[in-house]
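Written below as structure tokens is the structure these notes are about.
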Amino acid sequence: MHTYNQLSVSVAPDVVLGENVTIVQPCNIYGCSIGNDCFIGPFTEIQKNVTVGDGCRVQSHTFICELVTIGANCFIGHGVVFINDVFANGGPAGGDKSLWRPTKVGNHVSIGSNATILPVSICNNAVIGAGSVVTKNITVPGVYAGNPAKLVRHL
């Protein structure tokens, strides 16, 4: 069963939705996979080749670009932005998607509002503080904050 907060919800036919998914419109969601028991807030964009695991909550105004994988039971705060283009040639990759890089978010990760996540891996059980910019892989569970995000406290 898919649950929606509005009567007129259009989800692209190439979206794979799990059971008990709540999507608050308006959203731009296409070519992705969203697991069971997820909540997707309004004004969110989730692009193709994105996977959102079971039990995740994605708050409003969040942008999840291609090549992002989010594990199970994660919280993505308001206005979080994921980036896949690192301007490897000094500017935007344009149509050359071979220059894009993937992001992997582990299980039980919380990302605070207005954080920016560059193409990195984030281990299980990490907390990213609001407004933080994650520029490097996070390999140790803990609380990370700042620009660039640094370990503040072990969990």
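Count along the sequence shown from 1, add 1128, and you get the number used in the numbering used here.
Every residue, glycine too, gets a C-beta built ideally from N, C-alpha and C.
{"Item": "Alpha carbon of N1164 to alpha carbon of T1150, nearest angstrom", "Value": "10 Å"}
{"Item": "Test item: CB-CB of G1218 and G1199 under 8 Å", "Value": "no"}
{"Item": "Among R1229, E1173, G1257, L1246, nearest to V1237 - alpha-carbon criterion", "Value": "G1257"}
{"Item": "Start and end residues, beta strand (DSSP E) containing N1173", "Value": "Asn is not the amino acid found at residue 1173; the sequence shown has Glu there. It spans 1172 to 1174 - the beta strand (DSSP E) in which E1173 sits, taken as one unbroken run."}
{"Item": "Alpha-carbon to alpha-carbon, I1192 and G1223", "Value": "18 Å"}
{"Item": "Limits of the beta strand (DSSP E) - the one that V1233 falls within", "Value": "1231 to 1233"}
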